[in-house]
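Residue numbers (the numbering used here): -9 to 352.
Backbone N, C-alpha and C fix where the C-beta goes; we use that ideal spot for every residue, glycine too.
Quick caveat, the model's predicted, so the values are computed rather than measured.
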Amino acid sequence: MTRIRTALVGAGVIARQHGVVIDQLADRLELVAVVDRDAAKGQELAAKHGGAVFATLEEAFSAGPVELVVVCTPTGAHGEIAIEALERGAHVIIEKPAEITVERANRILAVQERTGRIVSVISQHRFDPSTEIVLEKIRAGELGRITSGVAAIDWWRGQSYYDSGDWRGTWALDGGGALMNQGVHTVDLLVAALGRPVEVFGYTATNAHERIEVEDVAAAVVRFESGALGVIHGSTAVYPGLVARLQVHGDRGSAVIENDKLTYLHATPADAERAEIAMGAQGGDTNQAAQYFDADGRPQVAGTSVPGAMGDAHLFQYRNVLAAIDGTEEVRVGIAENRRAIAIITGLYESTRTGRPVALEV
Ligand SMILES: NC(=O)c1ccc[n+]([C@@H]2O[C@H](COP(=O)([O-])OP(=O)(O)OC[C@H]3O[C@@H](n4cnc5c(N)ncnc54)[C@H](O)[C@@H]3O)[C@@H](O)[C@H]2O)c1
């Protein structure tokens, strides 16, 4: 099988992870081009993982065929590059979030539909073993009717982080702050668990940083099409940085994922009677998570890897993209899915400006 000629655009922090994954998939992928406006960044990445260095995608395509383009630039530059890649006939992997607004994400989707190429938006935590288990329990009805969920991203980013790149913390290129950049992963998991969001209300504030245009704390409530309600707390102003947590609750069970690890699960199989509990609290001794993970968080499920190991989750998502290119699997996180998380976050920004709930149409 010939290898897929791959170009990586934007050779910064996250591109290193993609370089590692492309190496791991060397039997299927060949890194032929590294594109960065900053030649030194491009050269550094190419020296480790291969590929010729270019300043623009146009130059990379002029030098030879490119079949897959991986977009790792600042978020507000994703759309332009993804659309150029699609127009030139390539499949595209875009780092999260797809773009800074739903409208811009829709532009990519329209070109994808016209060109018929594959587009996948990185949301690697959907591929964590913990997430897969929870989503499977939901699909099987073992959490019952999903009533509510909580997405908490209680992190810290120092001022030095925001000062490390002039795009960070800007509306034009970051598209938002603690939620759009960091929290989007967990918001996307909330969407994966609770479905289509229809309304959001909340507040944002900038309480612990300077020289950023965007929020470092956000608090929101979301209503989903199913009637389930979600709560979001997302922050980069929680010193020294605590947990990223997803809670999913239903009338037959609950699940909690903390830092990519399944820490609580109670599921009631479809053919089992749900025990009547008049006043439940604290989960009792009903935690079933241990059957999937040992006390150190190592999975006991064959074929999965240690939660929190970043490379593995990206690798799993790449495998899904390769299977989609081969025609054996559907893309699991495309633009249509990722824009739901973007809609919640940009809806929250609008809600903050207007003081009103915002209807979401995604
Ligand atoms: N999946 C994850 O866990 C994860 C983690 C970090 C970042 N990200 C996402 O990855 C993207 C990049 O983040 P980063 O932290 O790597 O940023 P970064 O600033 O470290 O790297 C961005 C690179 O893109 C280059 N660049 C900027 N505009 C360009 C253009 N038009 N053409 C070519 N190169 C260009 C810059 O010179 C820089 O080298 C963001 O969308 C971010 O949200 C995802």
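What does residue i pair with, by DSSP beta-bridge criteria?
i: glutamine 368; result: Not covered by the structure: residue 368. The range shown for the chain is -9 to 352.
i: valine 190; result: Val212, Val348
i: tyrosine 254; result: Val246
i: histidine 223; result: Ala142, Ala209
i: alanine 379; result: This structure gives no information on residue 379, because the portion of the chain shown stretches from -9 to 352.
i: leucine 58; result: Thr(-4), His81
i: serine 110; result: Ile83
i: alanine 195; result: Val207
Using 7 angstroms as the cut-off, classify the Cβ of residue i as near or not near the heavy atoms of ligand 1, replying yes or no.
i: tryptophan 161; result: no
i: asparagine 171; result: yes
i: glycine 0; result: yes
i: glycine 231; result: no
i: isoleucine 112; result: yes
i: glycine 155; result: yes
i: isoleucine 4; result: yes
i: alanine 37; result: no
i: valine 25; result: yes
i: threonine 65; result: yes
i: aspartate 28; result: yes
i: glutamate 85; result: yes
i: lysine 251; result: no
i: lysine 127; result: no
Which residue's Cα is closest to the Cα of residue i: the options?
i: glycine 324; options: Arg78, Glu34, Gly40, Arg107; result: Arg107
i: isoleucine 123; options: Tyr282, Pro347, Leu338; result: Tyr282
i: tyrosine 151; options: Glu103, Val111, Ile202; result: Ile202
i: alanine 257; options: Ser244, Asn310, Glu248, Gln114; result: Ser244
i: methionine -9; options: Gly9, Val10, Glu266, Glu20; result: Glu20
i: glutamate 263; options: Met269, Gly270, Tyr254, Arg242; result: Arg242
i: valine 11; options: Ile315, His39, Glu103; result: His39
i: glutamate 327; options: Asn171, Lys127, Val109, Glu319; result: Val109
i: tyrosine 254; options: Lys127, Thr344, Lys31, Asp302; result: Lys127
i: aspartate 13; options: Gly32, Gly41, Ala29; result: Gly41
i: valine 204; options: Ile267, Phe214, Ala162; result: Ala162
i: glycine 345; options: Thr318, Ala210, Glu266; result: Ala210
i: tyrosine 229; options: Val3, Arg147, Arg135, Gly270; result: Arg147
i: valine 352; options: Phe214, Glu340, Glu103; result: Phe214
To the nearest whole angstrom, what separates the beta carbons of residue i and residue j, a pair I think is in contact under 8 angstroms?
i: cysteine 62; j: alanine 5; result: 4 angstroms
i: aspartate 206; j: alanine 168; result: 5 angstroms
i: leucine 252; j: alanine 279; result: 5 angstroms
i: serine 216; j: glycine 240; result: With a Cβ gap of about 11 angstroms, serine 216 and glycine 240 do not count as contacting.
i: valine 56; j: alanine -3; result: 5 angstroms
i: valine 238; j: leucine 133; result: 6 angstroms
i: alanine 1; j: glutamate 34; result: 7 angstroms
i: alanine 141; j: glycine 220; result: 7 angstroms
Going by the CB atoms, is the gap between residue j and residue i shorter than 8 angstroms?
i: glutamate 200; j: glutamine 149; result: yes
i: alanine 218; j: threonine 105; result: no
i: valine 22; j: valine -1; result: no
i: leucine 312; j: alanine 208; result: no
i: leucine 58; j: isoleucine 84; result: no
i: threonine 276; j: glycine 165; result: no
i: isoleucine 143; j: glycine 192; result: no
i: phenylalanine 51; j: arginine 78; result: yes
i: alanine 260; j: alanine 130; result: yes
i: isoleucine 222; j: valine 233; result: no
i: asparagine 310; j: arginine 322; result: yes
i: leucine 76; j: valine 101; result: yes
i: isoleucine 360; j: serine 120; result: This structure leaves residue 360 out entirely; the chain is present only between -9 and 352.
i: histidine 8; j: histidine 304; result: yes
i: proline 347; j: valine 190; result: yes
i: threonine 342; j: threonine 194; result: yes
i: alanine 182; j: arginine 116; result: yes
i: isoleucine 334; j: valine 177; result: yes
i: isoleucine 98; j: alanine 80; result: no
i: asparagine 249; j: alanine 227; result: no
i: glutamine 272; j: glutamine 114; result: no
i: threonine 91; j: threonine 336; result: yes
i: arginine 18; j: arginine -7; result: yes
i: tryptophan 436; j: glycine 231; result: Not covered by the structure: residue 436. The range shown for the chain is -9 to 352.
i: glycine 224; j: leucine 180; result: no
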